[in-house]
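Peer 1: Please read through the structure below; I'll follow up with questions.
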Amino acid sequence: MKGAARWLIPLLPIPVLALLAFGLTRSAQVLPSAIIGEMAPDFALQTMEGDSLALSELHGQVVVLNFWASWCIPCREEHPVLARATREYSEGDVRVLGVLYQDDAASAERFMMRYGGDWTTVLDPGSRTAIDFGVYGVPESFFLDAEGKIAHKQIGPLTWPLLQSTVDSLLAASAPGVGS
Amino acid sequence: MLIAAVMLAADPVAAAPRPQDRELLSPAEVDHLTAQVAAQLRCPVCRNQAVLESSSGLARQMQTVIREKIAAGETPEQVKAYFVSRYGGWILLKPEPRGINLLVYLLPAVAVLFGGGVLFRQMRRWTGSVESEQPAPEPPDEALSEEEEAWLRRQIGSAR
C-alpha cells in the first residue's frame, strides 16, 4: 500500500487540473438560459411612437426580439444585421422587434435616426419585460418561432450568418404542410 | 403576529399562505421580506454581489419587482422560484444542494478531511510514535580524532 500511495498521491492533482482546464474553456459571460423551449412571456408595451404593441399580436410570424440600448456599443455592431433582416425578409414572415433596455426614448430615437432602420422598438420601463426574459445585459436577442416559443437566445451581438440560419430554420419549420 | 407565527410553525397545512393572511403584511414586513429575498439573489450584472447590495440599475429594478410580488401575496419561495425560472439556477447566491451543485458543499469538507488525515499521519511520524520507513541514522560513537579536536578548539577559540 505504501508503494502504491507513493505514485498515486502525485497523480491526485491531475483530475483537479483537468476540471480547472475545462473551466477555462467556458465563458463566464455566457450563462445558460432557463427559458429556451418555453413560450415567450407575453407583454404589451408602448412603442417609441406611443402606440401599444403586444407580443401575442405577432403570433404566426417568426420574431427576432432584440433587447438593446443606445449606450451599448455591441448593439451598434449588430444594428446593420437587424437592418438587413428587415430588408431581406418580408414583414409577414419575419418581424424584427426591439425592446429598449435601461434607456430613454429620446436617446433611442437619436440612435435609430443616426444609424437608420425603421423597425419597431418598444419601451420597457422598470425592465419588467427584460426580467421576464431573464435578460442581464445587452445586446441579447431571442428567436421566437411562429407559435411564440423561444427557439434560441443569443447573448452578445448578432451576426448575419447566425440570424439567417436561425430564421431560415424557423421559417422552414413553420411552413404550411410541416407540422402545426 | 407572534400567535400567527406559532400557529404557522405548528401546522404545516396552515403554513400555506391564505389570501386573508396577506392583509397582515405591514409595509415594514414587506420591506423585511423584500430585503430577505434580495439578499439571496445574485445581481446578474455584478455577479459576486447580492441584489440587495448591488447599485446597478437592473438590481434596483429587480428589487422593485420583488417588492411588488411580496406585497401582492407571493411567498419568498415563490418569488425566488420565479427568478430561477427566468434566469436559471445561477440567480441564487447559494446553489440548490442538488445534482452537481452538491460538489460545492461536499468538496471543501472532503478536502479538509483528506488534508487533515495526511497531516495527522505525518505528525505521528515526526513525533516518533510510528516507525518511519528508514531507520534513524546511527550517531557515530567514536571519539573525535586528535585533528578534529584541535580544529574544534581553534574554532571555539576564534569565536571568543
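Protein sequences appear in the order of chains E and S.
Note that the working numbering numbers the first sequence so that position 162 is 162, with each residue one more than the last.
Each number in the working numbering corresponds to the 1-based position in the second sequence with 1000 added.
Every residue gets a Cβ at the ideal spot worked out from N, C-alpha and C, and that includes glycine.
It should be emphasised that the depicted structure is a prediction, and the values quoted were computed from it without experimental measurement.
(1) Answer yes or no: do S:R1067 and S:V1030 have a C-beta to C-beta separation smaller than 8 angstroms?
(2) So which residues on chain S does E:F133 lean against when the C-beta distance must stay under 9 angstroms?
(3) Could you work out which residues of chain S lie near E:S141, taking near to mean beta carbons separated by less than 9 angstroms?
(4) Exposed or buried, which one is E:S33 when buried takes at least 16 other CB atoms within 10 Å?
(5) Look at E:Y101 and E:A146 and say whether their C-beta atoms are less than 8 angstroms apart.
(6) Just the Cα atoms here: how many angstroms apart are E:V30 and S:W1090?
(7) Does any CB atom of chain E fall closer than 8 angstroms to the CB of S:V1045?
(8) Could you run through the region 25-43 of chain E and flag, in chain order, every residue whose CB is less than 7 angstroms away from some CB of chain S?
(9) Pull up the distance between the alpha-carbon of S:S1158 and that of S:R1125, whole angstroms please.
(10) Using a C-beta cutoff of 8 angstroms, does E:R114 count as contacting chain S?
(11) Where does the unbroken alpha helix (DSSP H) through S:F1120 begin, and where does it stop?
(12) Taking only three categories from DSSP, how would you classify S:L1144?
(13) Taking CB distances under 8 angstroms as the criterion, tell me whether S:Q1061 reaches chain E.
(14) Check the Cβ of S:T1064 against every Cβ in chain E and list those closer than 7 angstroms, keeping chain order.
(15) With H, G and I counted as helix, E and B as strand and the rest as coil, what does DSSP make of E:L58?
(16) Could you spell out where the alpha helix (DSSP H) holding S:Q1040 opens and where it closes?
(17) Along the alpha helix (DSSP H) that carries S:S1085, what are the first and last residues, could you check?
(18) Helix, strand or coil for E:F43 per DSSP?
(19) With E:R84 as the anchor, note down where its alpha helix (DSSP H) starts and where it stops.
(20) Run down chain S in chain order and give the residues with a C-beta less than 9 angstroms from the C-beta of E:G137.
(21) Which one or two residues does DSSP pair with S:S1054 in a beta bridge?
Peer 2: So, from the listed chains and residues:
(1) In this structure, S:R1067 places its C-beta atom within 8 angstroms of the C-beta atom of S:V1030.
(2) Result: R1086.
(3) Per Cβ cutoff of 9 angstroms: no residues; E:S141 is ~16 angstroms from chain S at best.
(4) In the assembly as shown, E:S33 is a buried residue. Its beta-carbon has 16 or more other beta-carbons within 10 Å.
(5) With respect to E:A146, E:Y101 sits apart: the two C-beta atoms are not nearer than 8 angstroms.
(6) Cα to Cα, E:V30 sits roughly 12 angstroms from S:W1090.
(7) Interface residue, yes.
(8) Listed in sequence order: L31, P32, S33, A34, I35.
(9) If you take the alpha carbons of S:S1158 and S:R1125, they lie about 40 angstroms apart.
(10) With respect to chain S, the C-beta atom of E:R114 has no partner C-beta closer than 8 angstroms.
(11) 1102-1126 is the extent of the alpha helix (DSSP H) around S:F1120.
(12) In the three-state reduction of the DSSP assignment, S:L1144 falls in the coil class, being assigned neither a helical nor a strand state.
(13) Cβ-Cβ to chain E under 8 angstroms: yes for S:Q1061.
(14) In chain order: G126.
(15) Here E:L58 sits in helix by DSSP.
(16) Membership of S:Q1040 in the alpha helix (DSSP H) is indicated by the continuous run 1027-1040.
(17) Where S:S1085 is concerned, the enclosing alpha helix (DSSP H) stretches over 1076-1087.
(18) Note: E:F43 maps to coil in three-state DSSP.
(19) Taken as a continuous stretch (DSSP letters only), the alpha helix (DSSP H) holding E:R84 covers 73-88.
(20) Correct list: P1044, V1045, L1058.
(21) Residue pairing for S:S1054: DSSP places it in no beta bridge.
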